[in-house]
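A short write-up of the structure that comes next.
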Amino acid sequence: MGKEKKKKEVVEKKEIDLQEQKTLEDDAEIIDLKDIDLEEAQEVFLIVKIAHTLYAFQSASVKEILYNPRIDPLPFMPPYIAGLINRHGEPFVLFNPHVLFENENTVKNIVIIIDSEEKFGIQVSGVETFFLGKISELTYDSMFRSSFFSFSIPFDGHEVSVINPFSFLELLNKEIKNT
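Residue numbers (our numbering): 1 to 179.
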């Protein structure tokens, strides 16, 4: 009798799973790319300063902005690793991009936490604003042969480079493999 009860529970669970999947499929919105007007499509960017230069992050990649978190230094790390920060009991690696871009360490203690399973943040000097930019105005040029940048956006009369936050992880992985 116990086996029949278990079989019945398994069948009921499968039926519930199928019902949930059907509900998810019914709720899913199918977007046809033909319906998107690329001239009007927009994306939100977070404009930041690193030292005295403006940069941007795609806002979808930003999870949190922290002001003055405690940074615990890590010994024997490349100079662009500022250390670790503790976020809700979890360690996050902190990158200082100014060391890579300008070969000096002059940023303030503001951290952009990247929305990723890798748990890392990027140190910046200041948070300027959120900016709604048109996708049709993105610029891809030879400057972006560097993996640190994805493209640029026009902002307040300037071309602002959009940082690819995952490029810092790629650089660290390459250095680890080469040691």
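We put the beta carbon where it would ideally sit given N, CA and C, even for glycine.
- Per DSSP, the beta-bridge partners of H158 are F155.
- For N86, no alpha helix (DSSP H) segment is defined; the enclosing uninterrupted segment is the beta strand (DSSP E) at 81-87.
- With a 10 Å radius around the Cβ and a threshold of 16 neighbouring Cβ atoms, L46 comes out buried.
- Residue nearest to V127 within the set Q42, E175, A56 is A56 (criterion: CA-CA distance).
- In terms of Cβ geometry, F149 and I163 form a close pair [threshold 8 Å].
- Look at the beta carbons and you see the stretch 54-71 touching the stretch 104-114: at least three pairs across the two are nearer than 8 Å.
- Distances from the alpha-carbon of F92 to those of E159, A41, N178, Q123 put Q123 closest.
- In the three-state scheme derived from DSSP, where H, G and I count as helix and E and B as strand, K108 is classed as coil.
- If you check the CB distance, V62 and I135 do not come in under 8 Å.
- In the same chain as P154, and ignoring 5 residues on each side of it, the C-beta atoms closer than 6 Å to its own belong to E137, in chain order.
- The distance from the Cβ of I50 to that of S167 is about 14 Å, inconsistent with a contact at the 8 Å cut-off.
- Shown here, K174 sits in a helix according to DSSP, grouped into three states.
- Between F130 and V48, the CB-CB gap reaches or exceeds 8 Å.
- Residue state for P97 is assigned as helix, using DSSP reduced to three classes.
- E170 has its alpha-carbon roughly 25 Å from the corresponding atom of H52.
- Closest by C-alpha distance to P97, out of N178, T179, L172, is L172.
- If you keep only unbroken beta strand (DSSP E) runs of at least 3 residues inside the stretch 107-139, you get 110-114, 120-124, 126-134.
- Residue pairing for E43: DSSP places it in a beta bridge opposite G133.
- For the pair F95 and E40, the Cα-to-Cα distance works out to about 34 Å.
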